[in-house]
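Here the structure is laid out as structure tokens; the discussion comes afterwards.
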Amino acid sequence: MARPVELLLLRTIENLGIVGDIVKVRAGYARNYLLPHALAETPTPEKIEELKDARTKAQANLNAQRATREATIQRLDGYTLKLVRSCNDQGLLYGSTTQRDISDALVAVGFPVDMRAVRLATPFRRVGSYACTIQFDRDLKVDITINVAADRQLESVMRAQDDDAAAEAAAIEEAKAAKAEASAEGADGEKKAAKPKKGKKAAASA
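Under the numbering used here, think of the first position of the sequence shown as 182, with each following residue one higher.
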């Protein structure tokens, strides 16, 4: 197995290092990608000194990005994002909802979230509520709720609402009937109680 090689980064590469960093990488990665694309070279004291200022600026930018991401994670805690999508009457979307859709929607409401930070197990293909993880780094992540709503009233929802309305109306009518029956029974009982008994009437005459 080839030993790792040590290279000086000429540009900042995500998940590897910033410009001016000395990193160890696999020989194949160095040979096939970093070196041919002029992203790194063999470190020398002269080149390290030349990139010193660039590295300082890159580190400052990295710190600022970290602070922005930490603030974004705090703001996203407990957040629900609503997406309105076209679908059929059964709630099946005409086209799935992807990381790009979620990223664009978050950016539109003021959250700087790149598509790569949106973690989905599978794209959303139906209306409903879903959990979604936003992760900038291993220690910078948060779960949010994605509410995928239809762009119109669904036939299945309308049927359910009609059924609920019919059931509610039937329950009201049943309650009215029960109340009327109870009132009638109460009136009959009062009439019977008010009618004098023959035995007591005879005793009074005597």
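Glycine included, C-beta positions come from ideal geometry on N, C-alpha and C.
Quick caveat: nothing in here was measured; it's all calculated off a predicted structure.
Handout entry: Proximity to Arg-256 [Cα-Cα], best of Leu-287, Asp-332, Arg-192, Val-206
Key = Leu-287
Exercise for the section: Kindly indicate which three-state DSSP category Arg-266 falls into: helix, strand or coil? Expected result: strand
Exercise for the section: Rounded to whole angstroms, what's the CA-CA distance from Ala-208 to Ala-312? Just pull it up for me. Expected result: 40 Å
Handout entry: Beta carbon of Leu-232 nearer than 9 Å to that of Gly-201
Key = yes
Handout entry: Alpha-carbon to alpha-carbon, Val-308 and Arg-297
Key = 23 Å
Practice task
Return the chain-ordered list of same chain residues with a C-beta closer than 8 Å to the C-beta of Ile-229, the five sequence neighbours on each side being excluded.
Solution key: Leu-189, Gly-201, Ile-203
Practice task
Give the DSSP-derived three-state secondary structure of Gly-259 in the structure shown.
Solution key: coil
Practice task
Return helix, strand or coil for Ile-283, following the three-state DSSP convention.
Solution key: helix
Practice task
Counting only the same chain and skipping the five closest in sequence on each side, list residues whose C-beta sits under 7 Å from that of Glu-187.
Solution key: Ile-203, Lys-205, Pro-224
Exercise for the section: Give the straight-line distance between the Cα atoms of Asp-258 and Thr-314, rounded to the nearest whole angstrom. Expected result: 11 Å
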